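Report on the structure given below.
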């Protein structure tokens, strides 16, 4: 059986090789692609280039990282709860200074025709899944020559169309963020506290010309695709439909001179009837810091803690406004780069409803500023500082808003354009969270009550 399998494998390889040679298949000759390594830093949206089409070409790439984490978590919960909750021995999970589970991605693509390419993004290992699964795949069209040579060439010179299940383009912050194994473009380890990220089935149309940046997109509003009837909530107000998500971006991006580049964009997102996730709950790869403000793994003298210890705690400890009915978000992103010094900002104003049948409006606002100085030959070194704050109600029933703020400081070294090592200090604080989830009688301790974590993370990342 082994001999037959080996013979069949060799025969298949010979046939595949012959078929590729017959079609004049090349490798890496891909048009209009943002580089996955250091060269892709500060490249937003889509980019036209002058790569010549020479037949079908295959693209294969990857990205992965390893983190050594030395972080401690704290909160204001007493070690022994008083009656009536009757919880004893409460404490947060112990954390060692050690390596986290590495994350890895793979990108597979092909240039299929002049101005037409396909891309498939795969999470090989992530916090959400131990097994490999597909992040998304899309078709990118930069020319319509497959219809007729030079068909609408004057328009397509500045236009790009993307169709498929893909990372949807809301705002500019996600272009500088970490995404599972792909962390080389992030000068820091963490992402924004309220992280807007989703992958939905849809289409985006870009028109970029002479500094003008514009995009209009629409998706079906679902993170997980399916045709089942939607019944999110029981009763007369049950939600039985999912509305499309509308995306838009408008801005200006110009290299003023050799030293100065200026970019300013405004982005819009809206969904009238949310699907199985909102834009702040769709990230499956975490936010950079593992196990913080979590006590699910702690045991007291060998006795497992009760299940309700983990109430209101998430493995990522991010801020998710948990909009359950409708959501609207605006994001403004200024970016200025003068020589090696760059500033990137985020102003994000989000609003939404709690659940189907309830349109009461609540808001969550986020502000972030990054200052990064890149120096050395090919800007191989950098120093960075970031401040991020977010505030809002977690539900309409809450009496008060809560807030979270974070300070990050980092230093990095690009050993090559594909290999980056960075060291970061982080301090994140949670303010005005209640001591319990629900009433004290419920006994559900809120891990974010007076919560904070701080420490160091060393990250090594490779992308190609």
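Residue numbers (mature numbering (1 follows the signal peptide of the UniProt record, and there is no 0)): -22 to -1, 1 to 442.
Ideal Cβ placement from N, Cα and C applies to all residues, glycine included.
Predicted, not measured: the structure shown is a model, and the values here were computed from it.
- Inter-residue distance for residue 115 and residue 70 is about 40 Å (C-alpha atoms, whole angstroms).
- Per DSSP, the beta bridge partners of residue 436 are 46 and 401.
- Taking C-beta separations shorter than 6 Å and ignoring five residues to either side along the sequence, the partners of residue 37 in its chain run 8 and 87, following chain order.
- For residue 134, the enclosing alpha helix (DSSP H) starts and ends at 131 to 134.
- Relative to the Cα of residue 396, the nearest Cα in the group 166, 199, 26 and 39 belongs to 39.
- Membership of residue 307 in the beta strand (DSSP E) is indicated by the continuous run 305 to 316.
- Fewer than three beta-carbon pairs drawn from the segment 421 to 429 and the segment 24 to 34 are found closer than 8 Å, and the two stretches are therefore not classed as touching.
- Our two residues, residue 354 and residue 386, have alpha carbons roughly 22 Å apart in a direct line.
- Apart from sequence neighbours up to five positions away, the residues of its chain that approach residue 399 with a beta-carbon distance below 6 Å are 391 and 438, ordered along the chain.
- Taken atom to atom, the span from the alpha-carbon of residue 297 to that of residue 346 is near 14 Å.
- Contact between the segment 326 to 340 and the segment 304 to 315 is present, with at least three C-beta pairs closer than 8 Å.
- In the structure shown, residue 73 adopts coil according to DSSP, grouped into three states.
- Residue pairing from DSSP places residue 382 in a beta bridge opposite 368 and 408.
- Using a 10 angstroms sphere on the CB of residue 188, the tally of other CB atoms stays under 16, which defines it as exposed.
- Residue 243 is a Cβ neighbour of residue 191, given a cutoff of 7 Å.
- Residue pairing by DSSP places residue 109 opposite no residue, since no beta bridge is assigned to it.
- With fewer than 16 other Cβ atoms from the protein chains shown falling within 10 Å of its own Cβ, residue 5 counts as exposed.
- Per DSSP, the continuous beta strand (DSSP E) segment holding residue 353 begins and ends at 340 to 353.
- When the Cα atoms are used, residue 10 and residue 120 turn out to be separated by approximately 8 Å.
- In terms of Cβ geometry, residue 374 and residue 332 form a close pair [threshold 7 Å].
- Under the DSSP assignment, residue 247 falls in the beta strand (DSSP E) whose first and last residues are 238 to 249.
- Counting only residues of its own chain and dropping the five nearest sequence neighbours on each side, residue 364 has a CB closer than 6 Å to the CB of 166, 348 and 386.
- For residue 137, DSSP records a beta bridge to 185.
- Residue pairing by DSSP places residue 224 opposite 196 and 248 in a beta bridge.
- For residue 382, the number of other beta carbons within 10 angstroms of its own is at least 16, and it is reported as buried.
- Beta-carbon to beta-carbon, residue 256 and residue 221 are separated by about 12 Å, too far to satisfy the 8 Å threshold.
- Closest in alpha carbon position to residue 83, among 352, 54, 433 and 157, is 157.
- Non-local beta-carbon contacts of residue 245 in its own chain, meaning distances under 6 Å to residues more than five positions away in sequence, involve 148, 149, 227 and 309 in chain order.
- Look at residue 431 here: in three-state DSSP terms it is strand.
- Take the alpha-carbon of residue 50 and the one of residue 169: they are about 19 Å apart.
- Measuring C-alpha to C-alpha distances from residue 173 to each of 224, 13, 113 and 324 identifies 324 as the nearest.
- Each residue's CA atom was taken as its position, placing residue 76 and residue 109 some 23 Å apart.
- Under the criterion of beta carbons closer than 8 Å, residue 299 and residue 342 qualify as touching, at roughly 4 Å.
- For residue 377, there is no enclosing beta strand (DSSP E), as DSSP gives it neither H nor E.
- Distance between residue 441 and residue 78, taken at the CA atoms: about 19 Å.
- CA-to-CA, the gap between residue 356 and residue 43 works out to about 22 Å.
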